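This note's numbering numbers the first residue of the sequence shown as -19 and each following residue consecutively.
Here's the structure, in structure tokens; my notes come after.
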Amino acid sequence: KQWYQRRVAITAGELIRVELPRNSRTTMAILAVFLLAVISEAAAVTYTIQTRTASIDHSGTDNIDVSLTLTGTDGSVELGILDNSGRNDFQRTKTDTFTVESPVDIGEVECAQLNAADDDAWLVDWVSVAVGTAGARYMYNTETTWLSSDLSEGSQTDTLSLCAGGSETYYIVVKIKDQDHAGSDSIHLQAAIEGSQGTSKTGFLDNPNQNDFGKGEINQFIVPGLAQAGKVQCVTLTAQGEDAIILDWVVVFSLKSTKFPARVFWNSDATVMSSDTSEGVDELQLCYKPVLY
């Protein structure tokens, strides 16, 4: 057969030199297959997924097959099992990153569905997903639901759907009473921010590699991807740990919404918090009280 070189334009500004036969039908067939492959590769969308495993005891496991389906403004996509080869994923308090390519672009991420195919249990705190170069969208496990294919234990499910709340980043600052037995890092707090425009729920208030809620300490937690609550009126804290703490005050604010100033919520009665109700309350609502002079 006789062959000759031909320069073929693939994308704007890109030229690739390929060998083509003189037969026109054969040439067109080769070009069609070649161009389809190039177009498919160029259209691949990169999904960057992060998962944060909760801090509660026994939250982590690497003996679970978790597959992910995403839903967005332009459709849905199944991304398969989340697994980093040669690494123990889903360990307690750890954040894992997974990168998956797909020809399907779902637009802005709205919800993530996790499916378990193994009977070990996993407690995810949050999932974030970035599509291409777009910013990550956060989805929180606000109901503290465990994921497992074994449904015989507790509040477990083999399918967990988490949806994005919004694009607001809230700062929650917590001060612990400066007295004996007031602090603990085993309290596992979650917060619900209640405002004039609705309620936004967080995952666990936990700073990685840090002992939070120590006696007399002030801890700051940055929580991205929440819905705008408006002017904050109350904050409700829920304890998942059996240890006890005594809050002094809590401050909640958002840098984006400067028209809604930071507010201080005082634990005026020095109420003790614990999931062990013989020690304290497992839920504490603090509401704003204006200072009168």
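All residues carry an ideal CB built from backbone N, CA and C; glycine is no exception.
Please read all numbers here as calculations on a predicted model, not as lab measurements.
(message) Helix, strand or coil, according to DSSP, for Y268 in the structure here?
(response) Three-state DSSP puts Y268 in coil, outside helix and strand.
(request) Starting from the C-beta of Q208, find all residues in its chain whose C-beta is less than 7 Å away, skip the five residues before and the five after it, and write them out in chain order. (result) Listed in chain order, the non-local C-beta contacts of Q208 below 7 Å within the same chain comprise G146, E148, Q177, S237, local neighbours out to five positions each way being set aside.
(message) Tell me the rounded alpha-carbon separation between T124 and L103.
(response) Here the C-alpha atom of T124 lies approximately 7 Å from the C-alpha atom of L103.
(request) Please state if the CB of F193 and the CB of I225 are separated by a distance shorter than 8 Å. (result) Between I225 and F193, the CB-CB gap stays under 8 Å.
(request) Measure the C-alpha to C-alpha separation of V154 and P83 and round it to an integer number of angstroms. (result) Per the coordinates, the alpha-carbon of V154 lies some 44 Å from the alpha-carbon of P83.
(request) Evaluate R67 with the Cβ neighbour count: other Cβ atoms within 10 Å of its Cβ, from every protein chain shown; 16 or more gives buried, anything less gives exposed. (result) Classification for R67: exposed.
(message) With distance defined between alpha-carbon atoms, name the residue in V261, A250, S35, D54 nearest to D160.
(response) With distances taken between Cα atoms, D160 lies closest to A250.
(message) Can you tell me where the beta strand (DSSP E) holding W106 begins and where it ends?
(response) Where W106 is concerned, the enclosing beta strand (DSSP E) stretches over 104 to 111.
(message) Restricting to Cα atoms, I'd like to know which of G87, T122, N64, R72 is closest to T182.
(response) By alpha-carbon distance to T182, the top candidate from G87, T122, N64, R72 is T122.
(request) Under 8 Å by Cβ, that's how I've got A101 and L127 pegged, so tell me the actual separation to the nearest angstrom. (result) Indeed, because the Cβ distance is near 7 Å, the residues count as touching under 8 Å.
(message) Per the DSSP calculation, Q93 is bridged to which residue(s)?
(response) For Q93, which the question treats as bridged, DSSP gives the partners T49, S141.
(message) I need the straight-line Cα distance from S166 to L142, nearest angstrom please.
(response) Put simply, the backbone Cα of S166 is about 25 Å away from that of L142.
(request) Run through the region 194 to 257 for me and flag every whole alpha helix (DSSP H) of 4 or more residues, listed as ranges in chain order. (result) Fully contained in the region 194 to 257 is no alpha helix (DSSP H) run of length 4 or more.
(message) I need the DSSP call for S20, collapsed to helix, strand or coil.
(response) Only weak support exists for where S20 lies, its pLDDT of 48 falling under 50; the value from the coordinates is given anyway. Helix.
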